[in-house]
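One structure is given here, and the rest of the page talks about it.
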Amino acid sequence: MIALEAHNLTVRYNKQPVLWNVDFSIPAGSLAGIIGPNGSGKTTLLKAAMGILGSDSGYVRFFGKELDAVREKVSYVPQRQSVDWDFPASVMDVVLMGRYRAGKLLGRLSKTDREIAAEALEQVGLYPLRKQHISELSGGQQQRTFIARSLAQQADIFLMDEPFAGIDAASEESIISLLQSLRSSGKTVILVHHDLHTAIEFFDHVVLLNTRLVAAGPKTETLSVENLNATYGGQLTVLNKIAELVRKQEYPLREKNTKD
Amino acid sequence: MSTSLLWVFAGCALIGMGSAAVGSFAFLRKRSLVGDAVAHSLLPGVVLAFLLFQQKELWILFVGALLSGALSMWSIEFISKNSKLSSDAAIAISLSIFFSLGIVLLTYAQQSGLPNQSGLQHFLFGKAAAMLPEDVFLFAGINALIFGCIILLYPQLKLFTFDPAFAKSIGLPSRWINFCLSFLTVLAIASGIQAVGVVLMAAFIFTPPAAARFWTSRLSHMIVLSVVIGLLSAVGGAGISYSASGMPTGPWIIICMSLLAFFTFAFAPKRGFYSRWRRGWRHSRKMKEENVLKTLYHLREREGREEFGHSSLMALRGFDARELEQSIDSLMRKGLIGKKGSAKLHLSAQGLEEARRIVRLHRLWELYLNTRLSLPQDHVHADAEAIEHIITPEVEAALIRDLNYPLSDPHASEIPGIADMKKDE
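If you read the protein sequences in the order shown, they are chains A and B.
Counting in numbering that gives the first Met the number 0, the first sequence runs from 0 upward without gaps.
Counting in numbering that gives the first Met the number 0, the second sequence runs from 0 upward without gaps.
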């Protein structure tokens, strides 16, 4: 079964196209890495998949369905630096946010919700810190708080944006083993990751991205020298020039608004 | 106290509470400046409403204010989204255009010869004395809306304010929540046109939450505290401006607010200046005392005796004589050192233990810098002089494990206590 399918996805960020006609799918139950250099559109891809950014063309489906139909099965972990960690909240407060549902706008959290959140904190090893204020956490602990919030969503597919950026080795190890145990329980985990070195041993499926799709597939087939050179060897000159033109002149990317 | 005065107090209290509550979210979303622009932008709406209807009833002017405030907020978002200007430039542009338009209209209205134009200038700095019972009912209605929304939507507002991307990812209607927060903000700001005036109303939005943030790290507590600060300053300011006749109300309320805020910045636990200064002072006293213990330990190590006079201490380490006396007094009170006869000092059993701990931390840190950071021997001492005072027991344990129970430091001095630890294992 396909957990995530991106079809002909074109997205711009600050008016400039950063993803061109990206097409790939990730099988359910895999630990997949979206890999590419800085500015290659990895974060944009996740945001477009979650409907946070609009797309100029194409779509992303989860388990063959639109996001709205399966939203509760999909969990998104934004980049740690995207929020203000001085916000007045405790670790538990943040994890409980994983229990909110759009459907029950006025509903309060139940005892079960609290138990699920506590269990998620246990899994990332932060239960003893649950009452601490989030500004007192180290980078690795902040990241684990975010992952606990995601676990509390009890989703089937996890999209995580750079969960290993700027964290200590101990946190990294505990996150890796957690992700592996998610996979072995049948979940799909998709990570945005910029470090090729750790990617090689860790993922079983990779998507190589550099504003366009370079390659996607099982790790063994995809991680060839040729593909890696294409991913990390800089962006395509002509493609870049077109992207600049689109940004400066604010040209549309499709004649009509299509979802092909 | 007359009844009309009671209405004034009630009105000011309601304005202060509502704007402090909704302001908490604006403050946490770092949108305080937007509040300032919106407040200034109320003026053209107020004056236009007056010119159109030639009445000064508050609710008519309030609707005008609301419309121009909302227009200015929308224009800020429009400019920052659709131009290359950054959001602070968009805020500044919107503020200055709306406010100058407001002043132009105000001057025109004042020269128009309309019978009841006098008093329009009070919308700049506020005049609470003009408040009528029906105005207070209007504020009560606004407050009911603000507090109703916050209580009903609290989890959603909290999530949206903390992490908007995540909020959107779980399908929360972000656009709607954003609209709701913006609308409540404009509503709260517009409620201050009469009593506070457009120039200063923004302070109602950001001063109370900024002060409240210092006292607590829980959002619900912060909002409640912010509301209390808003309430107290509004009532206090209104009281002062009433008793000193002719004083404008808005500035006095804001002076009260700012005094509370300054008090907070100075004396709030943990984050306040005083507690930070006190922390620094305590650490420096602890450092001086630990240096005395350490020096006594070094003397023992070097000369094989136990008792030393002040002069030996001074000779080994350049203490300030007065500070040395103070440190010795304090250490004697704690029972860490003893004094015999003619000012001969020695470490007590407990003091010796403490001195060994400090020297151990110093030498462990030197060794760590030397081996892990590859710093040469002669570069590590000064660093360790500072770090030895801040290493916690957990860090110490981690250091010892990391260095695999080292027995001596880079200068080949013994690291005290490690040999015993090894035996224990």
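A virtual CB, placed ideally from N, CA and C, is assigned to each residue, including glycine.
Beta-carbon separation (whole angstroms), residue i vs residue j, contact threshold 8 Å
| i | j | result |
| --- | --- | --- |
| Leu122 of chain B | Leu42 of chain B | According to the sequence shown, residue 122 of chain B is Phe rather than Leu. With 8 Å as the limit, Phe122 of chain B and Leu42 of chain B qualify as a contact, their Cβ atoms being about 7 Å apart. |
| Gln376 of chain B | Pro405 of chain B | So it is not a contact: roughly 14 Å between Cβ atoms. |
| Lys293 of chain B | Ile336 of chain B | Rounded, the Cβ-Cβ distance is 12 Å, inconsistent with contact. |
| Gln193 of chain B | Ala129 of chain B | 6 Å |
| Leu52 of chain A | Tyr12 of chain A | 7 Å |
| Ala215 of chain A | Leu218 of chain B | Not quite, the Cβ-Cβ distance comes to about 42 Å (not below 8 Å), so this is no contact. |
| Val135 of chain B | Trp6 of chain B | 5 Å |
| Pro163 of chain B | Gly22 of chain B | Wrong, their Cβ atoms sit about 18 Å apart, outside the cutoff. |
Through-space distance from residue j to residue i, alpha-carbon basis
| i | j | result |
| --- | --- | --- |
| Thr160 of chain B | Leu44 of chain A | 23 Å |
| Ser109 of chain A | Ala117 of chain A | 13 Å |
| Leu262 of chain A | Asn37 of chain A | Residue 262 of chain A lies beyond the residue range present for chain A, which begins at 0 and ends at 259; the question has no answer from this structure. |
| Thr263 of chain B | Ser216 of chain B | 14 Å |
| Ala210 of chain B | Gly139 of chain A | 30 Å |
| Ser3 of chain B | His220 of chain B | 33 Å |
| Gln78 of chain A | Pro162 of chain A | 7 Å |
| Ala147 of chain A | Ser137 of chain A | 15 Å |
| His266 of chain A | Leu222 of chain A | Because chain A is modelled from 0 through 259, residue 266 of chain A falls outside the range shown and cannot be assessed. |
| Leu150 of chain A | Gly97 of chain A | 8 Å |
| Gly232 of chain A | Leu244 of chain A | 22 Å |
| Met379 of chain B | Ser407 of chain B | Looking at the sequence itself, residue 379 of chain B is Val, so the reference to Met does not match. One C-alpha to the other measures close to 14 Å. |
| Arg321 of chain B | Glu384 of chain B | 21 Å |
Cβ of residue i within 8 Å of any chain A Cβ
| i | result |
| --- | --- |
| Ile150 of chain B | no |
| Ser74 of chain B | no |
| Phe272 of chain B | no |
| Thr215 of chain B | yes |
| Lys167 of chain B | yes |
| Leu372 of chain B | no |
| Ala320 of chain B | no |
| Pro405 of chain B | no |
| Phe161 of chain B | yes |
| Pro268 of chain B | no |
| Arg284 of chain B | no |
| Pro154 of chain B | yes |
| Ala396 of chain B | no |
| Leu224 of chain B | no |
| Leu183 of chain B | no |
Proximity test, Cβ basis, 8 Å: residue i and chain B
| i | result |
| --- | --- |
| His132 of chain A | yes |
| Ala88 of chain A | yes |
| Tyr12 of chain A | no |
| Pro16 of chain A | no |
| Asp203 of chain A | no |
| Pro217 of chain A | no |
| Arg70 of chain A | yes |
| Arg100 of chain A | yes |
| Val59 of chain A | no |
Given residue i as reference, the closest of the options once Cα atoms are compared
| i | options | result |
| --- | --- | --- |
| His361 of chain B | B:Lys339, B:Gly340 and B:Leu398 | B:Leu398 |
| Ser181 of chain B | B:Gly112, B:Leu295 and B:Ala25 | B:Ala25 |
| Gly147 of chain B | B:Ser1, B:Met420 and B:Cys179 | B:Cys179 |
| Gly444 of chain B | B:Gly249, B:Ala64 and B:Ala314 | Residue numbering for chain B in the displayed model covers 0 to 424; residue 444 of chain B lies beyond these limits and cannot be assessed. |
| Phe49 of chain B | B:Ala166, B:Asn115 and B:Gly245 | B:Asn115 |
| Leu346 of chain B | B:His297, B:Gly118, B:Gly196 and B:Trp364 | B:His297 |
| Gly124 of chain A | A:Asp194, A:Val90 and A:Val76 | A:Val90 |
| Ser257 of chain B | B:Lys269, B:Glu288 and B:Ser225 | B:Ser225 |
| Trp175 of chain B | B:Val291, B:Phe165, B:Ala201 and B:Gln155 | B:Gln155 |
| Leu227 of chain A | A:Ala242, A:Leu30 and A:Asn209 | A:Asn209 |
| Ile156 of chain A | A:Met96, A:Arg182, A:Ser56 and A:Glu243 | A:Arg182 |
| Ala243 of chain B | B:Gly10, B:Lys126 and B:Ile414 | B:Lys126 |
| Leu47 of chain B | B:Gly101, B:Ala260, B:Ala187 and B:Ala12 | B:Gly101 |
| Tyr286 of chain A | A:Lys14, A:His6, A:Glu4 and A:Leu3 | Look at the range of chain A in this structure, 0 to 259, and you will see that residue 286 of chain A is not part of it. |
| Glu300 of chain B | B:Phe203, B:Arg332 and B:Pro415 | B:Pro415 |
N-terminal and C-terminal residue of the alpha helix (DSSP H) that residue i is part of
| i | result |
| --- | --- |
| Asn226 of chain A | Val224 to Tyr231 |
| Pro154 of chain B | Tyr153 to Phe161 |
| Arg275 of chain B | Phe272 to Glu302 |
| Ser170 of chain A | Ala168 to Ser183 |
| Asp67 of chain A | Leu66 to Val69 |
| Val7 of chain B | Thr2 to Leu27 |
| Lys41 of chain A | Lys41 to Ala48 |
| Asp87 of chain B | Ser86 to Gln109 |
| Lys80 of chain B | Leu57 to Asn81 |
Range of the contiguous beta strand (DSSP E) that encloses residue i
| i | result |
| --- | --- |
| Lys110 of chain A | That residue, Lys110 of chain A, is in no beta strand (DSSP E); its alpha helix (DSSP H) goes Lys110 to Gln122. |
| Thr9 of chain A | Ile1 to Tyr12 |
| Ile34 of chain A | Leu30 to Ile34 |
| Gly216 of chain A | Arg211 to Pro217 |
| Met159 of chain A | Ile156 to Asp160 |
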